[in-house]
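Sequence order for the protein chains is A and B. Heads up: the first sequence is residues 16 to 325, going by my numbering. Heads up: the second sequence is residues 80 to 346, going by my numbering. For each residue, glycine too, the CB sits at the ideal point set by N, CA and C. Note that the coordinates shown come from a computational prediction; the quantities given were computed from them, not determined experimentally.
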Amino acid sequence: MADPQMISDEGATAVRQSVVVTEQEALDGLGNGMTVAIGGFINAAHPMALVRQVIRSGVEDLTVVGAASSGLELDMLIAAGCVRTLISPYVGAEGLAPIGPAFRKAAQDGELDLFELDEAQFYAGLRASAQRLPFNPWRAGVGTSYPEVNPRLKTFRDPLRDELLVAVPAIEIDIALLHAAISDRFGNVQHIGTGFGDRAIHAAADRTVVQVEQIVSNEQIKSNPAATSIAGANAVVRTPYGAHPFASHGYYPVDEEHVLEYVGAATDWLKTGSRSRLDEYLDRYLREPADHAEYLDRIGIRQILSLTEY
Amino acid sequence: MTTALDTQSGTTATPKEIMATVIANDLRDGEWVEVGANFPVPRAGALLAHLCHGPNMTVMFGFTKAYLCDVPVIEEFAFITDVRAMRWGEAYYPHDQLLSEMRFRRRGVFFSGGIQLDRYGNSNLIGIGPDYQHLKFRGPGGIGTCNATLQNGRYHLVTTTHNPNVLVERCDYVSAVGYGDGSPGFRERHGLPPRGPDSIVTPLCVFDFDEDRTAKVKSLHPGVTLEEVREQTGFPIPDGDIATTKAPTALQLDALRNRIDVIGALR
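Here it is, written out as structure tokens:
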């Protein structure tokens, strides 16, 4: 077997580097005004340990790119005052909250720059970024209110067939934050389930940070390379139960009780204009815990262990 | 709310069960249907068609391609993201792939909801109020309805709330376009295929669209009067010779209650 170390021209040894870091280290380069994308889908697979780190960092004026259908992770970022521009075709939690309450409040108050678009246009915008193009054309949207309420979507006639299409601008992402099942130390990430739109978000981003339930051996990844969904995350953070209160496929379902605790607090802000209940929630769960372990302490081991898929 | 209705089995179907039956009776074997988020009536309708007359249908279930005819009881899940719904998958539909591959949707049938549905078959999930920057009611966002209503072979509008605030003369915003402002040639001028929605299915009736692109009552659910529909609708309802919506057969009601909707979400 060959020596795993390579000898460079200078004679110094070069070693394959682990990309496993803490959530603080993973978001070291995050600054005001950057574009951050959050993976997952409605009530599942949001990188909540990283989202909480974003909120703790006190960063502002972010352009936040949600999933094609995002959940209350965006609502929490809005509630915490991190968001200037929001790019997402849906913010809600199905039956737990048909519409994100903080999203509703901020949008109705005119405090959100909303990039209104359809799910298919969303992927067209990600594709344009991945392909380093200024836009991707899309058929759906002509004749709707989308180009009126979002003038960044432009209707045009294509030069080849003269068809009316919508130009969706590239959604260029500085940092993509994702949650997945496993990764090895080198950023070879595998999802359980479909992975929703995480691959497309990764492809549109300059840098991708993935939090995972488990770090596994490189040999385990190599036993099924077809399952590798993100080949080469820039950083990986080990966060068991890291998607809580949302589901993590293969590990735990959504913690409905906890989601409803947030929905109650945020709805109080929407209905009364008073932030006291919401701030209490944000302080207790998002701002005060210094790291993921302290967050889990506050949720409690009994509650965490009660979450099971089968 | 229940409708007094004797089916062949002697039991009474609820308005939502009648809606699911309307959806099922419209679907044809071989069609492709996606069961979306938080929308139990189209889910039940699609499964009813699949189990009763659609063994070659593809039902997208929990982001998988699923064949469910041999599943005795199809468990209901509160969330589209519930991984337990993936157990019947023959293939995964990663969401970005699902929203990029449009060609196969020619045999697709879609069901769109809305916070407003209008006389000309447009639907709105964006919001309510004249000023977009300060909406009186911010909706959830259009999700994928703008694209799915255009790309699928045909589609229906569905609402479980039939009142004048939902069924309106004109939507404040249009997230999925039907016949636009209702003027002749609106769809053609916007490069859209000529066909808008096939129908609007509500707990009271079924609307369809005739050659003047305007919603007309096609059938009233059993026990519902035209006057009731008129009171609950925000656009004019002309008189006419109107059929009664076909009730579920005993076989359909049995499949609904014992295989598709055991927990009674539609009851």
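Asked                                                                                                                         : Found
Residue 354 (chain B) classed as buried or exposed, judged by whether at least 16 other C-beta atoms fall within 10 angstroms : With chain B running from 80 to 346 in the structure shown, residue 354 (chain B) is simply not present.
Within chain D, the residues that residue 113 (chain A) reaches when beta carbons sit closer than 8 Å                         : As a matter of chain content, chain D is missing from the structure shown, whose protein chains are A and B.
For residue 325 (chain B), the three-state DSSP class (helix, strand or coil)                                                 : coil
Straight-line Cα distance separating residue 261 (chain B) from residue 108 (chain B)                                         : 32 Å
Any C-beta of chain A under 8 Å from that of residue 172 (chain B)                                                            : yes
Cβ-heavy atom distance, residue 190 (chain B) to the ligand MG, below 7 Å                                                     : The ligand MG is not part of this structure, which contains no ligands at all.
Neighbourhood of residue 232 (chain B) by C-beta, 8 Å cutoff - its chain only, sequence neighbours within 5 removed           : 110, 184, 185, 186, 187 and 188
Separation of residue 279 (chain A) from residue 310 (chain A), as counted between CA atoms                                   : 20 Å
Of the residues B:207, B:237, B:234 and B:239, the one placed nearest residue 160 (chain A), counting alpha carbons only      : B:207
Test: residue 106 (chain A) CB closer than 8 Å to a CB of chain B                                                             : yes
Anticipated Cβ contact below 8 Å, residue 195 (chain A) with residue 34 (chain A), distance rounded                           : Residue 195 (chain A) to residue 34 (chain A), Cβ: 14 Å. No contact.
Chain-ordered chain B contacts of residue 188 (chain A) [CB-CB under 7 Å]                                                     : Result: empty, since nearest Cβ-Cβ is about 14 Å, beyond 7 Å.
Proximal residues to residue 229 (chain A) (C-beta, below 6 Å), its chain only, five neighbours per side dropped              : 197
Neighbour list for residue 333 (chain B) in chain A, Cβ cutoff strictly below 8 Å                                             : What residue 333 (chain B) touches in chain A: nothing, since even the nearest Cβ is about 27 Å away.
Residue span of the alpha helix (DSSP H) that contains residue 131 (chain B), given as start and end                          : 119–132
Start and end residues, beta strand (DSSP E) containing residue 265 (chain B)                                                 : Run containing residue 265 (chain B): none in the beta strand (DSSP E); it sits in the alpha helix (DSSP H), 265–268.
Members of the region 183–195 of chain B that neighbour chain A once the beta carbon cut-off is set at 7 Å                    : none
Within chain A, partners of residue 175 (chain B) - CB distance below 7 Å                                                     : 138, 212, 214 and 215
CA-to-CA distance, residue 204 (chain A) to residue 235 (chain A), given in whole angstroms                                   : 11 Å
Residue 144 (chain A) at chain B interface by Cβ criterion, 8 Å                                                               : no
Members of the region 229–259 of chain B near chain A, C-beta cut-off 9 Å                                                     : 229, 230, 250, 251, 252, 253, 254, 255, 256 and 259
Outcome for residue 202 (chain B) when other beta-carbon atoms lying within 10 angstroms are tallied against a minimum of 16  : buried
Residues from the region 261–283 of chain B in contact with chain A, defined by Cβ distance under 9 Å                         : 265, 266, 268, 269, 270 and 271
Neighbourhood of residue 346 (chain B) by C-beta, 6 Å cutoff - its chain only, sequence neighbours within 5 removed           : 93
Those residues which DSSP pairs with residue 187 (chain B) across a bridge                                                    : B:111
Under 8 Å by beta carbon: chain B residues contacting residue 226 (chain A)                                                   : Within chain B, no residue comes near residue 226 (chain A); the closest Cβ sits about 17 Å away, beyond 8 Å.
Of the residues A:180, A:266, A:255 and A:42, the one placed nearest residue 151 (chain A), counting alpha carbons only       : A:180
Check whether residue 42 (chain A) and residue 85 (chain A) have beta carbons under 8 Å apart                                 : no
Sufficient close CB pairs (3 or more, under 8 Å) joining the region 53–67 of chain A to the region 249–262 of chain A         : yes
Residue interval of the beta strand (DSSP E) (run including residue 284 (chain B))                                            : 284–288
CB-CB length for residue 231 (chain A) against residue 252 (chain A), believed under 8 Å                                      : Not really, about 14 Å apart at Cβ, beyond 8 Å.
Alpha-carbon to alpha-carbon, residue 301 (chain A) and residue 323 (chain A)                                                 : 24 Å
Backbone CA spacing between residue 184 (chain A) and residue 230 (chain B) [nearest angstrom]                                : 21 Å
Three-pair Cβ contact test at 8 Å for the region 142–150 of chain A versus the region 234–248 of chain B                      : no
Rounded Cβ spacing between residue 323 (chain B) and residue 299 (chain B) (contact assumed at less than 8 Å)                 : 6 Å
Closer than 8 Å to chain B by CB, residue 57 (chain A)                                                                        : yes
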